[in-house]
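Peer 1: The sequence shown maps to residues 213 to 514 in this note's numbering. Glycine included, every Cβ here is placed at the ideal spot set by N, Cα and C. Small disclaimer: the values here were computed from a predicted structure and weren't measured.
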Amino acid sequence: MENQLKDVLVRGTAWGGKIRVFAARTTQLVEELRQRHGTYPTATAALGRTLTAGAIMGAMLKGQEKLTIQVKGDGPIGHIVVDANADGEVRGYVDHPEIHLPSNAHGKLDVAGAVGRSGHLHITKDLGMKEPYRGSIPIVSGELGEDFTYYFAVSEQTPSAVGLGVLVDTDNSVLHAGGFIVQLMPGLADEEITRLEQAVGALPPVTTLLDQGETPEELLTRIVGDNGDLHIHDTMDLKFQCFCSAERVEQTLLSLGENELKQIIEEDGKAEVVCQFCNEAYTFERAQLELLLDQAKPKPIQ
């Protein structure tokens, strides 16, 4: 891959604190997911856009908080699932990675055709409370940027502009990926809102700017203007992180119970469990399964 710049996210404020700004480069992350899941270009773009939104939304959390994004459209790609946390750790998968469609009317990857134009976008946030926060909106375009914009307006009552992009090379590898979210704080005057809308509307595609060598910070400067009082408060590295392990898979197998474990041993003699998020395969041979079966059997009352 040509672009070896590391994946980063910057966050800050502008216009005297009247807008919150976030921008991320996610090229290596999206390429890693492409390689792990074998995604075709349209699926790569859909997963990459969702992953980028997830990474930025993760940066809006704090401490041990985390979130899960589920895009459930009626398109051939099936569900897209992305997990992210406040530490810049993200992972994700798509039901049907082999989906690739002809280009849309604008000559771009047909993400909306793959995702579908009806269905729902669900966000679940684990904020350390008794119950997680859940927000859900109907899909409005399937292009995903507009869908996340709608989510922020409806579910979080925070007017936002969202831009997401993935550029795939002729060999199917990811050339560039990234995005931004700009959020309006209370107190913006109508003319300031109009100015922001015009700036976002005039912005070239995110991947065009990344291809020209622009940094996430420079992308934000384009939006807020050279005199936009842009203050970057934090720069965070982004990385792929899965939380699967042989121990967790063992617990999953144990939870199947005695009868189902017996059936696996008798019919297959072994078990292979593949993590949806990272595609890592965990194989349990007969002897290991028999040990688990022993643990799964009810213990006699003393």
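Just grab the DSSP bridge partners of Arg303 for me.
Peer 2: Here residue 303 is taken as the residue at index 91 of the sequence shown, counted from 1. Paired residues: Asp295.
Peer 1: Suppose the cutoff is 7 Å on Cβ atoms and the five residues either side in sequence are ignored; what does the same chain contact list for Ala493 look like?
Peer 2: As a first step, residue 493 must be located in the sequence shown, where it is residue number 281. Glu484 and Val486.
Peer 1: Among Gly377, Ser372, Asp219 and Glu358, which residue has its Cα nearest to the Cα of Leu321?
Peer 2: Stepping through the sequence shown from its first residue, residue 321 is reached at position 109. That would be Gly377, whose Cα lies nearest to the Cα of Leu321.
Peer 1: Taking a contact to mean a Cβ-Cβ separation below 8 Å, would you say Met448 touches Val220 in this structure?
Peer 2: Taking the sequence shown and counting its residues from 1, the one referred to as residue 448 is at position 236. Taking the sequence shown and counting its residues from 1, the one referred to as residue 220 is at position 8. Result yes, Cβ atoms of Met448 and Val220 sit closer than 8 Å.
Peer 1: Leaving out five residues before and five after Pro344 in sequence, what residues of the same chain have Cβ atoms less than 7 Å from its Cβ?
Peer 2: What you label residue 344 is simply residue 132 of the sequence shown in a count that begins at 1. The residues are Thr336, Lys337 and Asp338.
Peer 1: Between Gly250 and the rest of its own chain, which residues show a CB-CB distance below 6 Å, the 5 nearest in sequence each way excluded?
Peer 2: Indexing the sequence shown from 1 puts residue 250 at position 38. Counting only Cβ-Cβ distances below 6 Å, and skipping sequence neighbours, we find Pro309.
Peer 1: How would you call Gly228, buried or exposed, if buried means at least 16 neighbouring beta carbons within 10 angstroms?
Peer 2: Within the sequence shown, the letter at position 16 stands for residue 228. By the neighbour-count rule (16 or more Cβ atoms within 10 Å), Gly228 is not buried but exposed.
Peer 1: Pull up the distance between the alpha-carbon of Gly391 and that of Asp381, whole angstroms please.
Peer 2: Translated into positions along the sequence shown, residue 391 becomes position 179. Translated into positions along the sequence shown, residue 381 becomes position 169. Computed Cα separation, rounded: 18 Å.
Peer 1: In this structure, how does DSSP classify Asp322 when only helix, strand and coil are distinguished?
Peer 2: Within the sequence shown, numbered from 1, the residue matching residue 322 stands at position 110. Coil, per DSSP.
Peer 1: Secondary structure at Asp359, three-state DSSP: helix, strand or coil?
Peer 2: Sequence index remark: in the sequence shown, residue 359 carries index 147 (1-based). Three-state result, Asp359: helix.
Peer 1: Return yes when the Cβ of Glu403 is within less than 8 Å of the Cβ of Lys230, no when it is not.
Peer 2: For this step, residue 230 is matched to residue 18 along the sequence shown. For this step, residue 403 is matched to residue 191 along the sequence shown. Not a contact, by the Cβ cut-off of 8 Å.
Peer 1: Quick one, are the C-beta atoms of Leu273 and Ala235 less than 8 Å apart?
Peer 2: Start at 1 with the first residue of the sequence shown, and residue 273 comes out as number 61. Start at 1 with the first residue of the sequence shown, and residue 235 comes out as number 23. Their beta carbons are not under 8 Å apart, which means Leu273 does not touch Ala235 by this criterion.
Peer 1: Between which two residues does the beta strand (DSSP E) harbouring Met448 extend?
Peer 2: Start at 1 with the first residue of the sequence shown, and residue 448 comes out as number 236. That run of the beta strand (DSSP E) goes His443 to Asp449.
Peer 1: Could you check how far apart the C-beta atoms of Val222 and Leu408 are, in whole angstroms? I think they sit under 8 Å.
Peer 2: For this step, residue 222 is matched to residue 10 along the sequence shown. For this step, residue 408 is matched to residue 196 along the sequence shown. Wrong, their Cβ atoms sit about 18 Å apart, outside the cutoff.
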